[in-house]
Structure formats: structure tokens, C-alpha cells
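Please read the structure below before turning to the comments.
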Amino acid sequence: MGICHWPEGERPREKLLTMGPDALSDAELLAIFLRVGVKGRSAVDLARDLLTRFGGLRPLLDADEATFCEAHGLGQAKYVQLQAVLELSKRHLETTLSRGDALTSPLLVRRFLSAHLRDLSHEVFAALFLDTQHRVIKFEQLFTGTLDAASVYPREVAKRALALHAGAVIFAHNHPSGVAEPSDADRSITRILKDALSLFDIRVLDHFVVGDGEVVSFAERGWL
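Put into C-alpha cells, the structure is as follows:
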């Protein structure tokens, strides 16, 4: 039976409008994106099939074009739409964060950093440069490769912070392994950067390590 014949309170679109997106399951949200099902399967049925095939929502969203398009009910047009939605989400987080004090929105900072760093296949060291009021000036990916004192250059970080007239900075890097637990090298380079930037009265407010499902804060652990 098609969704149009379901009780109104069970239809994904109507449910979202009355109860909000948080009330919907992954399959229901995906069904709204798909819009229509396939012969003999409603959009919600198709969404459930796809989540089972890919092993969950994240593997589906992370799938490359070839893998995504070979699934029944999907195709290049849906792939393009999905990539646009994901990019819009990143930009929304960025513009929302840039309007306020980064320290008053710790959850937003985590979501922003996770959206930008979580799915990278290689390690990236990045920084949120902030003004003296802790408002975001710019987010930049600074270095790639294994994080250690040889691959992260404090002088270059300081030069960039000064060029942007930053008064504070939040560092972040990802662990492609998916495990967010900071290493000894992570803690060491953070101390080096903090000492280097303090010479220019630039504060290091936090360093986040982004894993598969967790984002670890140095500040919360008392390491800064």
C-alpha cells in the first residue's frame, strides 16, 4: 500500500511537520529524500531496504558514486542531490557558528568539526581561528599526514593566526582509524603549539580529536 493511503499521522512528511524531524526514524527521513518508491515497495520500504543493503545510514551517505548508483531505486540524480544536501549541511553549520561565540556552542563546534573531518581517509590537522570575542574568523585545514612535531609547524600556525588577526584558536584533527582517543604525540604537539602561540598572546582554547562516532576535547579533560 502506498504511503498516500497510510493514516496521516504515520506519513513521514506529515509526521515531520507535526512532530519535527527528530521524531522520524532513519528510514522515514530517507524516504522523504527518495520521494517515491519502486514497484511494489513504498518509499519507506525502499529506504529500509537501502539501509539494510548498505549497513546503516552513514555507509549509505558515505558511498561513492558507483556504489550508490548501482543500488535499486537510486541513480546519478539522487547521488547529486545527496551530495548537495550534505554540502548545504556543512555550510549551514559554518554560517551558524560564525555568527556567535564558539565557546557558547560546544555542541555546534563538535558537529562542525565532525562534518568536515570525520570521513577523511587521511589525517588532517585544522584550526578554527577566532577573534578576541571568540567569534569564528576562519576554518582552515593546515597540514595533512601523521600528526607529530615533524609534520605540524608551529611557526606556520603562528604566522597564519597573526595574518588573520586571531586572538584565539581551536585545533582539531581526525583519526582515520575511527578511534578518537588522543595519542601522546597529539598531547605533545598541542603543548608545543600552545607555548608558541602564547608568545603572541594568542590563546589555544581547545584541541578536538575527531573519530568515527566521538569527538574528544582536550579542554574537557583538563589538558589545556
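Residue numbering for the sequence shown follows full-length UniProt numbering, starting at 1 and increasing by one per position. C-beta atoms are modelled at their ideal positions from N, C-alpha and C, and glycine is treated no differently.
The continuous stretches of beta strand (DSSP E) do not include V157, which lies in the alpha helix (DSSP H) extending over residues P154 to A163. For F125, no alpha helix (DSSP H) segment is defined; the enclosing uninterrupted segment is the beta strand (DSSP E) at V124 to L130. Residue state for Q76 is assigned as helix, using DSSP reduced to three classes. If you look at H116, you'll find it in the alpha helix (DSSP H) that goes P106 to L117. I189 and Q81 have their C-alpha atoms spaced approximately 40 Å apart. Using a Cβ distance threshold of 8 Å, L162 and F129 do not count as a contacting pair.
Each residue's CA atom was taken as its position, placing K15 and A43 some 15 Å apart. The C-beta separation of A168 from L205 comes to about 5 Å, placing the pair in contact by the 8 Å criterion.
A distance of 8 Å or more separates the beta carbons of L61 and L50. Listed as beta-bridge partners of T144 by DSSP are V124.
The continuous stretches of alpha helix (DSSP H) do not include A168, which lies in the beta strand (DSSP E) extending over residues A168 to N174. For R203, the uninterrupted beta strand (DSSP E) segment begins and ends at R203 to V210.
About 6 Å separates the beta carbons of L193 and V157, which is inside the 8 Å limit, making them a contact pair. Using a 10 angstroms sphere on the CB of V36, the tally of other CB atoms stays under 16, which defines it as exposed. Note on geometry: alpha-carbon atoms of R187 and R11 lie some 49 Å from one another. The alpha carbon of R110 has as its nearest neighbour, out of H92, W223, T52 and V209, the alpha carbon of V209.
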